[in-house]
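> Start counting the sequence shown at 1; every next residue gets the next number (my numbering).
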Amino acid sequence: MGMVSIYNQLIKHQQMSKEAFAGMDVFLKKRYDLIPMLVSVTKGARDYEANVLKEIVELRSQGLNGNLSVGDLGKNELKLSDRISQLLVLVENYPEIKANQSFKQLHESLVKVEDDISKARRYYNATVRHYLTYKQQFPNVIIASMFHFPMIEYFAVDDSTERNAPTVSL
1 MGMVSIYNQL IKHQQMSKEA FAGMDVFLKK RYDLIPMLVS VTKGARDYEA NVLKEIVELR
61 SQGLNGNLSV GDLGKNELKL SDRISQLLVL VENYPEIKAN QSFKQLHESL VKVEDDISKA
121 RRYYNATVRH YLTYKQQFPN VIIASMFHFP MIEYFAVDDS TERNAPTVSL
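(1) Would DSSP call Met3 helix, strand or coil?
(2) If we ignore side chains and look at the alpha-carbon of each, how far apart do Ile84 and Lys29 end up?
(3) Go through its chain and collect everything with a Cβ distance to Val113's Cβ below 7 Å, but skip five positions before and after it.
(4) Taking Gly23 and Ala120 to be in contact with their CB atoms under 8 Å, please state how far apart those CB atoms are, rounded to whole angstroms.
(5) Keeping to the same chain, check which residues put their C-beta closer than 6 Å to that of Phe103; ignore five residues upstream and five downstream.
(6) Please list, in chain order, all residues of the same chain as His13 whose beta carbon is under 6 Å from its beta carbon, the five residues on each side excluded.
(7) Within 10 Å of its beta-carbon, does Asn93 have 16 or more other beta-carbons around it, so buried, or fewer, so exposed?
(8) Taking Cβ positions, are Tyr154 and Ala20 nearer each other than 9 Å?
(9) Between Met16 and Ser109, what straight-line distance do the alpha-carbon atoms span, to the nearest angstrom?
(10) Secondary structure at Glu162, three-state DSSP: helix, strand or coil?
(11) Val39 and Leu53 - do their beta-carbons sit closer together than 9 Å?
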């Protein structure tokens, strides 16, 4: 394969990864938009729940900030999913919140967005895998090095205990 062809394939794989991240980012932003509504609907909760709400708001702010690496964003997103899941379990203790029609709709939206994020994360990681595999094959690695093609991070975490998918259900 010629140098030009390898270069073009590297660009193609790199762009596919960027496009996949942008798609995943849309779903992350949808979830970020649902969080203020979740906080509003559950604001009648007690102190412990208030701490969980505070954490959710802080994690949302960190995610929206845009200063996190892909790996750190992945860790932040898993913590956010976990805290949202905790809050939804805690809502079980508040029948008036659980029976609220706004909460029911919000819950359905959260479940859908979490599913969309999961699918987008898998697609993004697959495009990164293709790019990195192609980039590291010989002779591609020489051309990638010559033109300074960057490494791209997976959207994942290092801690195997955090790899379990959070449950968002009532």
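C-beta atoms are modelled at their ideal positions from N, C-alpha and C, and glycine is treated no differently.
Result, derived from the coordinates:
(1) helix
(2) 15 Å
(3) Phe27, Lys30, Arg31 and Leu34
(4) 5 Å
(5) Val41 and Ile97
(6) His130, Tyr131 and Tyr134
(7) exposed
(8) no
(9) 28 Å
(10) Note that Glu162 scores 45 on pLDDT, short of 50, meaning its location in the model is unreliable and no value can be drawn from it.
(11) yes
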